[in-house]
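Structure first, commentary second.
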Amino acid sequence: MTLSTSHSKHRYALSALAATLAFGLVACGDKADKKVATQVAAQVDSEEISVYQINEALSRAKPANVTPEAVKAMSREVLEKLIDQQLAVTQAKETKLDRTPEVISQLEASRRDILARAYVQKIAGGLSKPTPEELKKYYAEHPQLFSERRVYNIQEIVVPASADVIKELQTFASANQSMEDTAKWLKSKDIKFGGGSATRSAEQIPLELLTKLHPLKDGQSLLVQSPQNVTLIRIASSQTAPVAEAVALRSIEQFLTNQRASEAVAANIKLLRSNAKVTYMGEFAKDPAEAPVAVAAPPATATDSAASADAKAQNSIEKGVAGLK
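Going left to right, the sequence shown walks through residues -18 to -1, 1 to 307 as mature numbering (1 follows the signal peptide of the UniProt record, and there is no 0) numbers them.
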């Protein structure tokens, strides 16, 4: 995962792209010809492909620091893809695929998704940015991610949860017993277990778990419990890799901005729900208390992949500062 570039940088890059595209597509001739050349990039039979469509596709790609030559090549590539797309769309309409129930349903789903995202973006766009004081405060309050950041070599053993096993593993963790000795004990008791090891930087570990790992020294262990499993985690070794405040502030700003937007959207949707009349039908009309209870997912562990940890720990700083590694 890389550092997110700032919104202003995106706007500058995309404005430059749009300006360069418009300049490159202006043809010689009278004003009417120039207008047509600027607005239309190609005509496929009776259908036109506009420069706006190219710019829109490029804006979604979010290229940055591109040269005019690169812009020209990228715009040409996008145009060719749009031509291919238009040919396919024309054939779909001629064969009346746009009238099939499946396609109609997908088009409506896309429309709903676009409208919902536009509303969410409107809410997020109206929020104020974090202040410099808030950024510095976050940096100071999370040394495990910044000033005292470490890269961990972690070992894990995962076993089904039971009172006896939890008690023994807690004893092993307190004594910082080796994973080899713990594995031998589990085998002697015929207890099935899984294991693994991985190297993870601080931002790749869910924040809740990182808070527990950070105080530990190399060779120390801790136990993480869930309804189904218990996980013994040991820090085999670690390396200090601090991140300076000046380097971290931009990423912290992006993270806090995203977090603030997420909270604002959640609060807004909650308010909309309270003001709306929602009636559940059919099998969904059952009392929520009678509905089957979803099995709780096990807590994210240190050897989960970075992508998995990000999905399981939405509030993890990984979303904002993964690029600092």
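Heads up, the beta-carbon is just placed ideally off N, CA and C, and yes, glycines get one too.
Keep in mind that this is a model prediction, so the values were computed, not measured.
Check: Ranges of the alpha helix (DSSP H) found wholly within the segment 25 to 75, counting only runs of at least 4; Outcome: 33 to 43
Check: Identity of the residue in Asn47, Val26 and Glu51 nearest Lys63 by Cα; Outcome: Val26
Check: Which listed residue (Arg242, Thr261 and Ala249) has its alpha carbon closest to that of Leu109; Outcome: Arg242
Check: Integer Cβ distance of Glu138 from Ile187, believed to fall under 8 angstroms; Outcome: Between Ile187 and Glu138 the Cβ distance is about 12 angstroms, and since that is not below 8 angstroms, they are no contact.
Check: Residue nearest to Thr113 in terms of C-alpha spacing, selected from Lys268, Glu265 and Glu235; Outcome: Glu235
Check: First and last residue of the uninterrupted beta strand (DSSP E) at Pro125; Outcome: It is not in any beta strand (DSSP E) - Pro125 carries neither H nor E in the DSSP assignment.
Check: DSSP state of Ile215 mapped onto helix, strand, coil; Outcome: strand
Check: First and last residue of the uninterrupted alpha helix (DSSP H) at Pro83; Outcome: Pro83 to Gly107
Check: Sub-9 angstroms separation of Lys194 and Val212 beta-carbons; Outcome: no
Check: Leu127 beta carbon less than 9 angstroms from that of Glu185; Outcome: yes
Check: Three CB pairs or more closer than 8 angstroms across the segment 248 to 257 and the segment 151 to 164; Outcome: no
Check: Member of Ala70, Glu190 and Gln202 whose CA lies at the smallest distance from the CA of Ser220; Outcome: Gln202
Check: Of the listed residues Ala106, Tyr262, Thr164 and Glu90, nearest to Ile148 (C-alpha basis); Outcome: Thr164
Check: Buried or exposed by the 16-neighbour rule on C-beta atoms within 10 Å, applied to Asn37; Outcome: buried
Check: Whether Thr181 touches Ile136 by CB criterion (9 angstroms); Outcome: yes
Check: Per DSSP, the bridge partner or partners of Ala158; Outcome: The residue you asked about is not Ala; residue 158 is Asn in the sequence shown. Note: Asn158 sits in no beta bridge, so no partner.
Check: Burial state of Ala14, where buried means 16 or more other Cβ atoms lie within 10 Å; Outcome: At Ala14, the pLDDT of 42 sits below 50, so the modelled position is not reliable; the number obtained from the coordinates is stated separately. Classification for Ala14: exposed.
Check: Proximity test, Ala230 beta-carbon vs the ligand HEM heavy atom, cut-off 8 angstroms; Outcome: You won't find the ligand HEM in this model; it holds no ligand whatsoever.
Check: Distance between Leu254 and Tyr262 (C-alpha atoms, nearest Å); Outcome: 16 angstroms
Check: C-beta neighbour in chain E for Phe128, strict 9 angstroms; Outcome: Among the chains in the structure shown there is no chain E, since it carries only a single protein chain.
Check: C-beta contact flag for Ala145 and Gln210 at 9 angstroms; Outcome: no
Check: Whole-angstrom distance between Arg99 and Ala258, CA atom to CA atom; Outcome: 19 angstroms
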